[in-house]
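Below is one structure, written out as structure tokens; the observations come after it.
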Ligand SMILES: [Ca+2]
Ligand SMILES: [Ca+2]
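In full-length UniProt numbering, the protein residues as written are 1 to 81.
Spelled out as structure tokens, the structure:
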């Protein structure tokens, strides 16, 4: 099984995540993150979103802010599926 995310640069991933900030409040909600992961062709999107938020949501407000997004990119690049 390949790693789709690792073939994308950090800049491309940042662009994709920012693009999926639908309401442009500079935060990614669970719903926005779900769309982003779907766009990336992720399997088990709901599970992956849950895990990603748990891994990078430093202040536990349930959304990914811009500074948390840089951690999200590192996290996603480490993903295997
Ligand atoms: Ca948003
Ligand atoms: Ca947060």
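Yeah, the Cβ is synthetic: ideal placement off N, Cα and C, and Gly gets one too.
Three-way DSSP call (helix, strand, coil) for residue i in this model
i          : result
residue 28 : strand
residue 64 : strand
residue 73 : helix
residue 7  : helix
residue 22 : coil
residue 48 : helix
residue 40 : coil
residue 14 : helix
Beta-carbon proximity of residue i to residue j, cut-off 8 Å
i          : j          : result
residue 66 : residue 52 : no
residue 49 : residue 34 : yes
residue 17 : residue 46 : no
residue 5  : residue 40 : yes
residue 63 : residue 27 : yes
Exposure label - residue i; buried when at least 16 CB within 10 Å
i          : result
residue 23 : exposed
residue 7  : exposed
residue 32 : buried
residue 25 : exposed
residue 9  : exposed
residue 11 : exposed
Pick from the options that is closest to residue i, judged by C-alpha positions
i          : options          : result
residue 30 : 15, 77, 61 and 9 : 61
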